[in-house]
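Below is one structure, written out as structure tokens; the observations come after it.
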């Protein structure tokens, strides 16, 4: 199967495989959201999932950390199958950071508390260490001065950067981004993308569901094009954007007005 | 028609003791209804499945039965069933709690369910357990969202204490009836009672509103 043989031409493809999707099937009642997805994510790689809305990209992301269960195939994370029981799943989730389209910051906590919440409750870190880590991460996303602010006092772009810091606070091995800029005003998209670019440059393994084609092209190491619950084409950005091999990819890109 | 409000000052101590009992009954039954309501709501949402029909039956029946009937039943019928007699004050406290806790439970349930599922997903993604998520993420937001409804419930509680007069709890309404009966001055006495209830309730409802406006953003996800 062509989809399984996807290590050729990968710039950072030499890293170990961190996530391996093998024939993943997800159904909601009669609707098949994922219809046999094969994909590998290597250490240090930025893998971008693109495709029309409802094609299964976000569903795949939610299956990756067990927020949704799968009906067929399997997902391997760092060499082990994703567990089914809650307790074991929690251990896996700690090592995957997740960033949501709608931020989902905790409104009753300040920016600093949002970031330190995971280390405090899940890693049982003491208050001082957790605060220190939170402060460092807020600084990293350029929001050191917003530490005492509640989410309601932050712009969308700032909220999403706090959300990225919150996910990083768990020291994850992988970051999952679910359309991180889709709910943002155009003028704040850039600040979030540049934080993500910085992370990528530091070697963070990232799976990014995005409609930002220029980000996928510039920052992505590997791009997978989704349609109707399947990956119709995957390859390095150069191939996907300049020389797509399938009609579906060409259709999708031309709908977006992508001109290469 | 002539009014003589001296009847109020003449019975000031007697009426004031009624106000004290009303406030005490309101505060206690408010607290017990709230605590019971939380437990009932959590049982309905997260309790064992076999218990849920019983919890739903309790809530539905309390919303369908007048508080006066519950109170009278608690005072006159419950002692015969259980063999335990209760002083009127405790019967009133128990009856009001049984009745109001059902409303509190529905407020708590609605509050918890109104917190969007994305909040739970975000907390799950951090690796938090279900109980950590409920206690640290969902409930704090839900409680903020419940405040306006709790304010209404508190004012209903204060008003419902007047019903305790039928089982001879010496609260404001009962004491007013006594003074009105003795003095033949119902206009003065009951007008005074109305004003006192208003004076107790108005700051409560306004205070809750003001407080809510200041903290509302903490529950807005």
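Chains as they are written, first to last, in this note's numbering: chain A, 2 to 261; chain B, 18 to 238. Note that the Cβ used here is the ideal one computed from N, Cα and C, for glycine as well.
Subject >> Limits of the beta strand (DSSP E) - the one that residue 41 of chain A falls within >> reply: According to the DSSP assignment, residue 41 of chain A belongs to the beta strand (DSSP E) that extends over 32-43.
**OP:** Please report the residue range of the alpha helix (DSSP H) in which residue 131 of chain A lies.
**Re:** 128-141
**OP:** Assign residue 111 of chain A to one of three DSSP states: helix, strand, or coil.
**Re:** Three-state result, residue 111 of chain A: coil.
**OP:** Going by CA-CA distance only, name the one from B:117, B:155, B:145 and B:114 that's closest to residue 133 of chain B.
**Re:** B:155
Original post:
Taking the continuous beta strand (DSSP E) assigned at residue 24 of chain A, which residues delimit it?
Top reply: 18-29
Original post:
So, does the CB of residue 145 of chain B fall closer than 7 Å to a CB anywhere in chain A?
Top reply: Judged by the 7 Å Cβ criterion, residue 145 of chain B is in contact with chain A.
Original post:
Could you check where the beta strand (DSSP E) with residue 50 of chain A kicks off and where it finishes?
Top reply: 47-51
Original post:
Is the number of C-beta pairs between the segment 45-65 of chain B and the segment 166-186 of chain B that are closer than 8 Å three or more?
Top reply: yes
Original post:
What's the gap between the Cα of residue 306 of chain B and the Cα of residue 18 of chain A?
Top reply: Residue 306 of chain B cannot be examined here, being either before or after the span of chain B that is shown, 18 to 238.
Original post:
Run through DSSP, which three-state label would residue 4 of chain A get?
Top reply: Any answer about residue 4 of chain A is weak, because its pLDDT of 44 lies below 50 and its placement is not dependable; what the coordinates show is given next. Three-state DSSP puts residue 4 of chain A in coil, outside helix and strand.
**OP:** Could you confirm whether any beta carbon from chain A is found closer than 7 Å to the beta carbon of residue 128 of chain B?
**Re:** It does not; no Cβ of chain A falls within 7 Å.
**OP:** Tell whether a beta-carbon distance below 7 Å holds between residue 227 of chain A and residue 57 of chain A.
**Re:** yes
Subject >> Ranges of the alpha helix (DSSP H) found wholly within the segment 61-136 of chain B, counting only runs of at least 4 >> reply: 69-81, 84-89, 95-99 and 105-131
Original post:
Looking at the unbroken beta strand (DSSP E) that takes in residue 232 of chain A, where does it start and where does it end?
Top reply: 231-236
Original post:
So residue 184 of chain A and residue 103 of chain A are in contact, right, with Cβ under 8 Å, and what is the actual spacing, rounded?
Top reply: Between residue 103 of chain A and residue 184 of chain A the Cβ distance is about 6 Å, and since that is below 8 Å, they are a contact.
Original post:
Would you report the Cα separation of residue 81 of chain B and residue 160 of chain B, rounded to the nearest angstrom?
Top reply: 26 Å
Original post:
What are the start and end residues of each continuous alpha helix (DSSP H) run of 4 or more residues lying completely inside the segment 159-186 of chain A, in chain order?
Top reply: none
Subject >> 7 Å Cβ cut-off: residues of chain B touching residue 66 of chain A >> reply: 142
Original post:
Counting pairs of beta carbons, one from the segment 98-117 of chain A and one from the segment 154-164 of chain A, are three or more of them closer than 8 Å?
Top reply: yes
**OP:** Count the C-beta pairs between the segment 93-103 of chain A and the segment 178-198 of chain A that are closer than 8 Å, then say yes if the count reaches three, no if not.
**Re:** Contact between the segment 93-103 of chain A and the segment 178-198 of chain A is present: three or more C-beta pairs spanning the two stretches fall below 8 Å.
Original post:
Closest Cβ-Cβ distance between residue 238 of chain B and chain A: below 7 Å?
Top reply: For residue 238 of chain B, the nearest beta carbon of chain A is closer than 7 Å to its own beta carbon.
Original post:
Out of curiosity, what's the CA-to-CA distance linking residue 27 of chain B and residue 130 of chain B?
Top reply: Answer to the nearest angstrom: the Cα atoms are 53 Å apart.
**OP:** Please decide whether residue 6 of chain A counts as near chain B, where near means a Cβ-Cβ distance under 7 Å.
**Re:** Unreliable placement is indicated for residue 6 of chain A, whose pLDDT of 45 sits below 50; the coordinate value is still reported in the next sentence. Chain B contact via Cβ: absent.
Original post:
Which residues in chain B sit within 8 Å of residue 207 of chain A, going by Cβ to Cβ distance?
Top reply: Going along chain B, no residue has its Cβ under 8 Å from residue 207 of chain A, so there is no contact; the nearest lies around 15 Å.
Original post:
Is there at least one Cβ from chain A nearer than 7 Å to residue 191 of chain B's Cβ?
Top reply: no
Subject >> The beta strand (DSSP E) enclosing residue 76 of chain A, as first and last residue numbers >> reply: Start and end: 73-78.
Original post:
In angstroms, rounded to a whole number, what distance separates the CA positions of residue 209 of chain B and residue 168 of chain B?
Top reply: Between residue 209 of chain B and residue 168 of chain B, the C-alpha separation is close to 24 Å.
Subject >> 9 Å Cβ cut-off: residues of chain A touching residue 235 of chain B >> reply: 108, 109, 110, 151 and 153
Original post:
Quick one: is residue 139 of chain B near chain A, going by C-beta distance under 7 Å?
Top reply: yes
Original post:
Taking all protein chains shown into account, do 16 or more other C-beta atoms lie within 10 angstroms of the C-beta of residue 135 of chain A, making it buried, or fewer, making it exposed?
Top reply: buried
Subject >> Integer Cβ distance of residue 194 of chain B from residue 42 of chain B, believed to fall under 8 Å >> reply: So it is not a contact: roughly 16 Å between Cβ atoms.
Original post:
When DSSP builds the beta bridges, which residues end up paired with residue 99 of chain A?
Top reply: Residue 99 of chain A is bridged by DSSP to A:177.
Original post:
Taking C-beta to C-beta, are residue 140 of chain B and residue 150 of chain B nearer than 7 Å?
Top reply: Yes, the Cβ-Cβ distance between residue 140 of chain B and residue 150 of chain B is below 7 Å.
Subject >> Buried or exposed by the 16-neighbour rule on C-beta atoms within 10 Å, applied to residue 232 of chain B >> reply: exposed
**OP:** Go to residue 227 of chain A, then tell me how far its alpha helix (DSSP H) extends in each direction, as first and last residue.
**Re:** Where residue 227 of chain A is concerned, there is no enclosing alpha helix (DSSP H), although the beta strand (DSSP E) it sits in stretches over 223-228.
Subject >> Residue of A:236, A:214, A:67 and A:33 minimising C-alpha distance to residue 223 of chain A >> reply: Of the candidates A:236, A:214, A:67 and A:33, the one whose C-alpha sits nearest the C-alpha of residue 223 of chain A is A:236.
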